[in-house]
Every structure is written in structure tokens, then in C-alpha cells.
Amino acid sequence: MTSARTLPQAYFVSPEVFAREQEQIFAQQWLCVGHESQILDRGQFFLQEVASESLVILRDSGAVRGFYNVCRHRGTRLCEEKSGQLHETLQCPYHAWTYSLDGRLVGAPHMDKVEGFDKRDYSLHAVPMALWEGFIFVNLAKNPTPLEKMFAPLAGKFTHWNLPKLRSAKRIEYDVQANWKLIFENYSECYHCPLVHPALSKLTPYDSAENDLCEGPFLGGFMPITKGQSLTLSGNACALPVGDMKTEDHHRVFYYSIFPNMLLSMHPDYVMVHQIWPQSPMCSLILCDWFFHPDAFS
Amino acid sequence: MTSARTLPQAYFVSPEVFAREQEQIFAQQWLCVGHESQILDRGQFFLQEVASESLVILRDSGAVRGFYNVCRHRGTRLCEEKSGQLHETLQCPYHAWTYSLDGRLVGAPHMDKVEGFDKRDYSLHAVPMALWEGFIFVNLAKNPTPLEKMFAPLAGKFTHWNLPKLRSAKRIEYDVQANWKLIFENYSECYHCPLVHPALSKLTPYDSAENDLCEGPFLGGFMPITKGQSLTLSGNACALPVGDMKTEDHHRVFYYSIFPNMLLSMHPDYVMVHQIWPQSPMCSLILCDWFFHPDAFS
Amino acid sequence: MTSARTLPQAYFVSPEVFAREQEQIFAQQWLCVGHESQILDRGQFFLQEVASESLVILRDSGAVRGFYNVCRHRGTRLCEEKSGQLHETLQCPYHAWTYSLDGRLVGAPHMDKVEGFDKRDYSLHAVPMALWEGFIFVNLAKNPTPLEKMFAPLAGKFTHWNLPKLRSAKRIEYDVQANWKLIFENYSECYHCPLVHPALSKLTPYDSAENDLCEGPFLGGFMPITKGQSLTLSGNACALPVGDMKTEDHHRVFYYSIFPNMLLSMHPDYVMVHQIWPQSPMCSLILCDWFFHPDAFS
């Protein structure tokens with residue numbers, strides 16, 4: 006890429022550019038909001054803010070569902086807690102309109118007296134949702150391209166990593182005072198590693214990366230682990246292998262960016278996932294999970 | 006109202022809508038800023054911010070007056086304290102221009118040397134002001150409809166409540182993280198009462214309200230007090246009756262909303278007034294006073 | 006000035022006016038950013054934010070230089086500390102691109118492999134800079150009028166004040182909650198002195214000022230010191246005379262405003278300089294230095 010140039014300054018600081026990105030990228034693309042292991046029991050839920058909309062993601066009988074967290078009556082937030090356990094229904098705290106876990110309005114006090122009112126017209130607004138390797142994706146577009154089509158370049162690629170079965174042992178949340186694109190791009194280059202991560206550079210030489218995926222809104226590949234078996238502080242593997250990987254993959258770390266908000270780091274013994282949530286032109290919220298083989302928890 | 010619908014989301018969150026409301030509603034309508042009992046003595050004053058303008062409301066000999074809190078010389082704030090006692094004049098703290106309590110410029114050091122300068126051209130800008138049942142209203146419009154005309158539907162309606170003579174025993178101020186319209190509308194419906202105010206619903210059944218006023222920018226009526234004599238925590242009256250009410254009114258609570266910023270709650274033994282001051286699309290400042298019969302203070 | 010009027014309110018509160026002033030005044034005019042005595046040693050530097058751009062001002066061999074504090078590679082801030090001592094180079098903390106003190110790119114790891122890449126195309130962007138009587142001025146305009154031409158009305162006027170040799174004994178920084186223009190104009194009038202500075206008015210009568218400079222974007226003159234010899238709290242001179250002034254100047258204080266951001270107060274025994282840095286329509290950062298004769302420090 007002899008003629009590549011950094012974007013002009015405005016792309017990293019302008020509120021207008023930020024607003025357009027929210028509208029044209031974050032409200033249009035498939036976004037990772039978590040992993041289905043977060044909501045294994047019926048009625049478990051968590052909230053996620055996407056492009057200024059609050060979404061509630063929950064487990065119904067078997068299915069994972071997503072709704073706008075907005076009562077159809079007066080626009081009140083249905084859930085205020087960031088995560089928790091629902092008991093059969095979502096009830097609006099204002100006027101007690103009540104919804105089943107599949108979004109149907111099942112209770113609306115006194116509304117039966119209102120001529121022409123039909124509960125079936127007031128189901129919660131569902132948000133398009135899809136699962137990919139156990140990760141939950143949502144899309145705020147009216148008619149999004151199906152995730153299966155968008156993610157075709159990834160089909161089957163990660164099957165042996167066992168991703169749907171993994172469970173998060175730890176999540177941390179933190180703000181980074183930087184534009185989301187800088188964080189996203191920074192993940193895909195190791196040119197900065199010698200100065201910024203000298204210890205890491207000893208375990209995986211910074212000039213050893215090979216991309217094996219650059220089709221669609223995806224980019225990534227692997228780097229060899231040349232010293233020790235893992236990128237833990239000790240250099241030793243910290244848990245069971247996450248999946249049934251090929252021999253050579255036991256000495257590799259795989260880094261993939263899934264545009265626009267997911268960074269997937271697959272190590273032999275754990276999988277690290279970063280979600281990037283832009284807050285303002287110069288601030289981004291990061292959710293970072295460490296996933297392990299379910300048997301590693303016992 | 007079979008086809009009533011909640012306003013779209015933008016009306017509750019958009020800075021543009023908020024700015025238009027400030028300009029076209031709060032800078033055009035009569036707004037309650039307080040009660041004349043707050044400034045009984047000559048020279049007593051308080052400040053009120055209205056649509057980004059600071060106003061000073063004061064008691065001159067007999068009259069209540071209101072001025073833009075802005076020196077005519079260099080635009081300096083005349084008063085910085087929220088309330089207090091003036092001594093004959095308002096003096097600008099910057100260059101000592103001095104105004105009488107009726108707004109006339111009476112001192113302007115050295116300006117007599119400036120050719121063509123006439124103190125009479127530099128009186129404080131008065132704000133249109135009117136009293137209604139003891140409450141002080143201002144209007145930032147250039148040529149507002151007289152308050153008497155706007156408030157015609159209320160003429161004589163509250164005379165026996167003795168409102169001009171009452172005095173506030175207590176004021177509290179607090180922010181509510183909600184759009185001002187939601188607060189205003191919430192006051193006029195008791196559909197939310199069973200879930201949100203279960204104790205109140207026992208004293209005044211939530212489905213017992215009758216509107217007796219819905220003409221002009223006013224809405225309200227009464228609810229019977231079915232248990233006890235008052236809406237105090239004990240259920241007992243907490244003070245003398247506020248006025249010379251009819252017998253049946255001793256077991257009623259009256260709720261009126263006076264668009265756009267006054268909520269008037271009249272109980273047999275006290276009158277509660279909320280002023281709503283929008284601060285931003287999703288934040289409103291509330292001033293809440295409890296008024297009692299003046300003899301209840303001794 | 007019989008018909009002078011204060012600017013309309015919007016000029017002091019409007020974000021749009023503020024943005025235009027930043028663009029058309031602060032990004033176009035010569036601005037004082039400090040004094041060369043702040044960076045006497047090779048490699049000493051300080052940062053200054055000007056119209057939302059971060060600048061690094063440094064001492065190279067002999068010369069004072071100014072650069073945009075932005076790496077030519079990925080736009081990273083080169084220096085984060087507000088001031089300090091560089092060791093031969095500026096190195097970007099991200100990917101280690103390295104610049105000499107005259108702005109040339111001297112190190113860019115691996116870039117020699119990139120076809121067509123020439124270090125000479127990636128020098129730091131210099132900012133136009135000039136010295137006036139020891140004070141450092143920058144100008145963000147593409148082709149600014151030379152400072153010598155702009156400052157012609159000042160030529161030779163202050164020579165005997167010895168300004169280039171003075172050194173700052175003390176700097177304070179503080180915010181003022183006021184529009185920058187009010188601060189700038191306030192400096193040029195003493196009409197406010199009797200009420201605001203009664204003690205000062207005793208030392209230098211507020212109606213005694215004479216302007217001796219009103220050509221170009223400059224305004225000022227002197228006031229006699231009628232009691233004591235200095236404007237210190239005691240009224241006594243606090244240090245050696247700053248320069249070789251005329252006899253009558255030992256009883257005068259000189260005030261000059263240098264549009265748009267420098268206020269220069271010359272006393273017999275010290276020179277006070279205020280820099281005004283607008284932060285928002287209603288907030289300004291002030292940097293205030295007290296300069297003394299270098300021999301006064303020993």
C-alpha cells in the first residue's frame with residue numbers, strides 16, 4: 006500500500022462525522038452485543054445501548070430475543086437495570102403495561118374500554134438479531150442484509166474453536182479517550198508493538214504476522230507464539246485448550262477484527278473478545294471478556 | 006380519545022425541539038415565577054432564569070416589578086445573589102451605574118460629560134408582569150396577550166381558596182431527569198398511581214377524578230379524599246383550612262395544570278405549587294412550595 | 006465617542022460567534038505564546054493550544070521553533086507533557102517515528118521498504134513564528150502578514166524597557182468565567198477602578214490615564230503613580246528597575262493591549278504580561294507572568 010494515507014483530522018474529532026458514523030455504520034451494520042452464555046436461563050436479560058437506542062436482549066424459551074427497551078404506551082424505559090432476571094414478563098414501571106418474553110402485550114389496564122384498541126397492535130418492537138458462533142449480533146437497519154450472507158467469508162472457519170460452548174470468566178469495562186476507528190485499526194497492526202508492548206513482542210515477534218482473512222468487513226490472521234505456550238504473564242497456558250485445534254494452532258494466536266465493533270483474539274487456552282462502543286468523537290467504551298472452555302470452570 | 010398517540014421520540018430528546026420550545030413557548034407564554042408573599046418588604050427581590058434570560062423580580066413601594074437583570078451600560082449582571090434585600094437602588098458592580106427600584110437610571114458616573122447622553126434613555130428593560138391570585142407571572146414576549154384575557158377561564162374560580170393571602174412554609178428545589186412535557190402531562194393523569202403511588206391510591210382512589218376545567222391552556226378538577234381528611238402521611242389535616250371553602254371541598258383535593266410551567270394542588274389544609282423549569286431536553290428543575298394560611302404560622 | 010454602544014448579547018454568549026472568532030481571529034492573527042526566557046536551553050519546550058491545535062514551541066541550537074504537535078504518520082500527539090526537556094529528538098510514542106529539533110523526520114522504522122517513501126516529505130509542519138522584544142508569537146494563517154509589518158507602530162517604542170532580557174519570576178494560570186473580549190476591553194478602561202479596585206485608585210488616580218498608542222491593533226498609554234513608587238501592596242519598589250528608563254517613567258505605569266491576546270503592563274520595577282486564551286464563549290484561560298530584571302534574581 007504505497008499510497009496509503011491517514012484520514013484527515015476531522016474524521017477523528019468532528020461531532021458531525023461522529024453523528025454520520027453512528028447513523029450510517031452503527032445503526033446499519035451487524036454489531037456484537039455479547040455471547041449467548043450470558044443469558045442461559047429463561048428470562049435472563051441484559052441491556053445494550055446502540056446508536057442512542059436502548060435494547061433489551063433476553064432469553065425466551067430456547068430463543069434469544071432483542072427488543073427496543075421502550076414501552077409502546079408512553080415511551081418509558083421498561084428495564085433500568087443493566088442485567089438481571091425477568092419473571093415471565095416485562096412490566097412497564099409507569100402504567101403497568103405488561104409484555105410476554107416474546108414481546109406480545111399481555112396486560113394494559115383499562116385499555117379494553119378504549120374503542121378500537123387491540124393489544125396485538127402494541128407488541129414490543131423487535132430488533133433484528135442473529136447468532137454467530139455463539140455470539141449475539143443485532144442490526145438496527147429496517148431490512149438488514151442477513152448476517153449469514155454478510156459473514157459468509159467466516160463460514161466454518163472457526164468451527165474447531167468451540168466458540169458457542171465457551172463461557173466468559175471475567176468481563177471488564179473501561180473508557181478509552183480515543184476515536185473508535187483508531188482503536189479498531191490499532192488492533193490490526195503490530196507496528197506499534199515494540200515501543201508500546203515490549204514484553205509481548207518477546208513472546209510473539211511483531212513482524213511475524215500473516216493475514217489469512219481479508220475478505221468482506223473482516224481482517225486478521227495469526228502470529229506464532231515463539232516463547233512459552235501462551236500470552237499469559239507467565240508464558241504458560243492458563244487453562245484447558247478451548248477447542249479441538251490442529252497441532253500447529255497450539256503455538257499460534259489468532260487476531261480477527263469484525264467490523265465495526267468486535268475484536269476477536271483466539272489463544273490456545275482462552276478467547277478474548279473486545280466490543281467497541283463509540284461514546285463521542287474522542288471517547289469509546291470497551292467491553293472485554295475472557296472466554297474459557299466450560300470444563301475449565303470446575 | 007380513541008386515536009391519541011404519544012409524541013415521537015424526538016420531542017423528548019432533541020436539542021432542536023428543546024430550543025424551539027424555549028423560544029416559542031417559554032419565551033412567549035405567561036410563566037409562574039413565584040408568589041408575592043416571597044417579597045413583602047420594599048427592596049426584597051429574587052432572580053429567575055427564563056429562556057436563558059436572568060430576571061430580577063422585586064418589590065417597589067407597593068408594586069411588584071420585574072426587570073432584565075442586565076446593566077444598560079456594558080451588559081453586566083446587576084444582581085448575582087438568588088434573592089435578598091436591596092437598599093433603595095440596584096447598583097451595577099462593574100462601573101457603578103445605579104437604578105431606582107422602578108428601573109430608572111439615577112446614577113452614571115461621568116456620563117454627564119458625554120454629549121447627547123440622557124439617563125432617561127437607559128432605564129432597565131422591564132419584563133411584562135402580572136399577578137394572578139397572589140402568584141407572580143412574567144412573559145418575555147414583546148406584546149403578550151394580557152394575562153387577564155388568557156386566564157379568563159379561571160376568573161373567580163379560586164377566590165374562596167384565599168390564595169393571595171397564603172404564605173409558603175417550605176420550598177424545595179430538585180432536578181428531574183426527564184423532559185418537562187412528561188412531568189407536566191404526568192401531573193394530569195392518575196393512571197400511573199396504582200403502581201407508582203400505592204399509598205396515595207388508598208386515600209384518593211385513582212379512578213375517581215373529575216375534570217371541571219379544560220378550557221384554554223388549563224386542565225384539572227378534583228378527587229375525593231375517601232380515607233382521612235388530608236393527603237398528609239398521617240391522613241390528618243396538618244393545619245388550619247386555607248380558605249373559606251364549601252363543605253364538600255373539605256374532602257376533596259384539586260389538581261390544576263396551568264400551561265406551561267405551573268402545577269397547582271389545592272388541599273383543604275395546604276396548597277402545593279410546582280414550577281417546572283426545563284434545563285435541557287432530558288432535565289427539568291422543579292421548585293415546589295407548600296403554602297398555608299398565614300395564621301397557621303403562629 | 007458619543008454614539009458608542011456595547012455589542013449585542015450574542016457576541017458574548019453564542020457558540021457560533023465564538024467559533025467564527027476562533028477561525029477568523031485566533032487562527033489568523035499573531036498571538037503571544039510566551040517569552041524566550043522560558044526555553045533558554047536547547048531542547049526545552051512547552052505546549053500551547055491555539056484554536057484547537059496543539060503546538061510545541063522549542064529551542065533548537067539558537068533558534069526558537071514551533072511545530073504542530075502531531076506525528077506525520079498517524080496523527081498522534083508527539084508531546085503530552087505541558088513543558089520539559091527533549092534529548093536531541095522528538096519521538097512519537099506510538100510507532101517511534103523520530104524527528105530532529107528542526108522538524109526533519111530522521112527515523113521511521115521499516116518505512117525504507119515502502120516504495121516511494123521519502124523521509125523528506127514528512128517533516129513536522131512548522132507554524133509561522135516570530136520574536137518581538139523577547140516575546141514569542143505564532144500565527145496559524147497560511148501566509149500571515151509578517152509580524153514586523155503588523156507591529157510597525159511599536160517599533161523601537163519599548164527598547165529601553167529591556168524586555169528581551171527579562172525573566173519571569175512567577176506564572177499563575179486561572180480561568181475567568183467571561184468572554185475573552187470583555188477581559189480584553191476591561192484592561193483598556195479604568196472607569197471600573199473606583200468600585201472594583203479602590204486601593205489601586207489611590208496609587209494611580211483612575212481618571213489620570215493618557216493614551217500614547219492607538220495605531221493598529223494596539224491601544225495604551227501611561228498613568229502616573231502618585232503615591233509611592235510602585236503598584237506593589239506596600240507602594241514601594243520591589244526590585245531593581247527593569248531597564249534604563251527616563252526619569253519621569255520611574256513614576257509611571259504603562260498599559261498596552263496587543264490584540265487579540267496579550268496585555269502588557271510595564272511598571273518601573275516589573276513587567277506583567279497576561280495571555281488570554283478563550284476556552285468557550287463564557288470562559289477564558291489567563292496565563293499571567295511577572296517579569297523582572299535578570300539581576301533581581303540573585
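Same order as they appear, the protein sequences are chains A, B and C. Following the numbering used here, the numbering of the first sequence begins with 6 at its first residue and continues without gaps. Following the numbering used here, the numbering of the second sequence begins with 6 at its first residue and continues without gaps. Following the numbering used here, the numbering of the third sequence begins with 6 at its first residue and continues without gaps. Virtual Cβ for every residue (Gly too), placed ideally from N, Cα, C. On a predicted model such as this, the values are computed, not experimentally measured, just so you know.
1) Going by DSSP, which residues form a beta bridge with Ser2(C)?
2) Could you compute how far the alpha carbon of Cys76(B) sits from the alpha carbon of Cys84(B)?
3) Just the chain A side, please: which residues come within less than 7 angstroms of Gly67(C) by C-beta, in chain order?
4) Have a look at Asp217(A) and Glu153(A) and give me their C-alpha separation to the nearest angstrom.
5) Excluding sequence positions up to five away, which residues of its chain have a Cβ less than 8 angstroms from the Cβ of Glu194(A)?
6) By the DSSP assignment, the beta strand (DSSP E) with Ser105(B) in it spans what residues?
7) Just how far apart, CA to CA, sit Met228(A) and Pro273(A)?
8) Let me confirm a value: Gln182(C) is counted as buried when at least 16 other C-beta atoms fall within 10 Å, else exposed. Which label applies?
9) Find the residues of chain C that neighbour Tyr99(B), judging by a C-beta separation of less than 8 angstroms, and give them in chain order.
10) Beta strand (DSSP E) containing Phe223(A): first to last residue?
11) Is there at least one Cβ from chain B nearer than 8 angstroms to Arg10(A)'s Cβ?
12) For the structure I just gave you, are there three or more beta carbon pairs, one from the stretch 54-73 of chain A and one from the stretch 171-187 of chain A, closer than 8 angstroms?
13) Who does His40(A) pair with in a DSSP beta bridge?
14) Any beta carbon of chain B sitting closer than 8 angstroms to that of Gly80(A)?
15) Do Gly248(C) and His5(C) have their beta-carbon atoms positioned less than 8 angstroms apart in this structure?
16) Quick one: grab the DSSP three-state call for Met277(B).
17) Helix, strand or coil: which one does DSSP assign to Asp300(A)?
18) Go through the stretch 229-258 of chain A residue by residue and report every complete run of the alpha helix (DSSP H) that reaches 4 residues or more, in order.
19) Mind pulling the chain C residues with CB within less than 7 angstroms of Gln14(A)?
20) Output needed for Tyr192(A): all residues of its chain with C-beta closer than 8 angstroms, excluding positions within five of it in sequence on either side, in chain order.
21) Classify Gly121(C): buried if its beta carbon has 16 or more other beta carbons within 10 angstroms, exposed otherwise.
22) With a threshold of 6 angstroms on Cβ separation, who are the neighbours of His130(C) within its own chain once the five nearest residues in sequence on each side are excluded?
23) Sort Ala15(A), Ala56(A), Thr94(A) and Leu91(A) by Cα distance to Glu58(C) and report the nearest one.
24) Output needed for Thr237(B): all residues of its chain with C-beta closer than 7 angstroms, excluding positions within five of it in sequence on either side, in chain order.
25) Given this structure, state the Cα-to-Cα distance separating Asp254(B) from Leu52(A), to the nearest angstrom.
26) Suppose you measure from the CA of Ile30(C) to the CA of Lys186(C); what does that come to, to the nearest Å?
27) Beta-carbon separation of Leu200(C) and Lys232(C) under 8 angstroms?
28) In angstroms with no decimal places, state the Cα-to-Cα distance between Pro169(C) and Thr94(B).
29) Report yes or no: is there a C-beta of chain C within less than 8 angstroms of the C-beta of Phe17(A)?
30) Please classify Gln29(A): does DSSP put it in a helix, a strand, or coil?
31) According to the neighbour-count rule (16 or more other Cβ atoms, all chains shown, within 10 Å of its Cβ), is Arg176(C) buried or exposed?
32) According to DSSP, is Met6(B) helix, strand or coil?
33) Pick helix, strand or coil for Lys175(A), following the three-state DSSP scheme.
34) Can you find the residues in the same chain that come closer than 8 angstroms, C-beta to C-beta, to Met6(C), ignoring five residues on each side of it along the sequence?
35) Indicate whether Val132(B) and Leu60(B) have their beta-carbon atoms separated by less than 8 angstroms.
36) Is it the case that the Cβ atoms of Phe23(A) and Pro265(A) are separated by a distance below 8 angstroms?
Let's see:
1) Only positions 6 to 303 of chain C appear in this structure, which leaves residue 2(C) out of reach.
2) 10 angstroms
3) Chain A residues near Gly67(C): none, gap ~31 angstroms exceeds 7 angstroms.
4) 20 angstroms
5) none
6) Element bounds for Ser105(B): Thr103 to Ser105.
7) 12 angstroms
8) exposed
9) His197, Leu200 and Val201
10) Phe223 to Pro229
11) no
12) no
13) Phe140(A)
14) At least one CB atom of chain B sits nearer than 8 angstroms to the CB of Gly80(A).
15) As shown, chain C starts at 6 and ends at 303. That puts residue 5(C) outside it, with no answer to give.
16) strand
17) helix
18) none
19) Gly80
20) Sequence-distant Cβ neighbours of Tyr192(A) in its own chain, meaning closer than 8 angstroms and more than five residues away, are Tyr260, Ser262, Leu268 and His279.
21) exposed
22) Tyr73
23) Glu58(C) has its Cα closest to that of Ala15(A), out of Ala15(A), Ala56(A), Thr94(A) and Leu91(A).
24) So the qualifying residues of the chain are Cys243.
25) 48 angstroms
26) 12 angstroms
27) no
28) 50 angstroms
29) yes
30) helix
31) Within a 10 Å sphere around the beta-carbon of Arg176(C) sit fewer than 16 other beta-carbons, which makes this residue exposed.
32) At Met6(B) the pLDDT is 48, less than 50, meaning the model places this residue with poor confidence and gives no usable figure here.
33) Here Lys175(A) sits in strand by DSSP.
34) Interpretation of Met6(C) is limited by its pLDDT of 48, a score under 50 that renders its predicted location unreliable; no figure is taken from the coordinates.
35) Their beta carbons are under 8 angstroms apart, which means Val132(B) touches Leu60(B) by this criterion.
36) no
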